[in-house]
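Enquirer: Have a look at the structure that comes next, please.
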Amino acid sequence: MLKELKSFFYLIFIFFFLFLSIKYYFSDEYKKKSYRNFSNLDEDLILYGNKLQILDNDTNNIIQYIDNSDNKKKKKFYHFWDLLKKND
Numbered sequence: 387m388l389k390e391l392k393s394f395f396y397l398i399f400i401f402f403f404l405f406l407s408i409k410y411y412f413s414d415e416y417k418k419k420s421y422r423n424f425s426n427l428d429e430d431l432i433l434y435g436n437k438l439q440i441l442d443n444d445t446n447n448i449i450q451y452i453d454n455s456d457n458k459k460k461k462k463f464y465h466f467w468d469l470l471k472k473n474d
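Under this note's numbering, the first residue of the sequence shown is numbered 387, with each subsequent residue one higher.
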């Protein structure tokens with residue numbers, strides 16, 4: 387009996403929560419607030435964009451290219467079994 391009552395209250399709570407959430411998001415007050423927010427968004431972006439500082443570019447010529455074609459020495463790659471044979 388207690389378990390059924392507990393599950394009943396859970397279901398009531400879930401339905402109550404869903405009902406109030408849907409009622410709020412479809413209300414005229416929410417639509418007015420969201421429209422005001424969307425209409426002011428472009429103005430806010432322009433206002434904040436004008437306040438940004440532009441930094442100087444200090445990354446010119448920082449990449450150094452290395453020419454590996456001069457290095458004719460090639461490293462000999464060892465395999466695991468070759469290393470064991472040399473130790474014997």
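Beta carbons: idealized from backbone N, C-alpha and C, even for Gly.
Predicted model, so just to flag it, every value in this text is computed and none were measured.
Rounding to the nearest angstrom, what Cα-Cα distance links residue 436 and residue 429 in this structure?
Expert: One C-alpha to the other measures close to 11 Å.
Enquirer: Straight-line CA distance for residue 530 to residue 443?
Expert: No answer is possible for residue 530: the residues shown for the chain start at 387 and end at 474.
Enquirer: Alpha helix (DSSP H) containing residue 438: first to last residue?
Expert: Where residue 438 is concerned, there is no enclosing alpha helix (DSSP H), given that its DSSP letter is neither H nor E.
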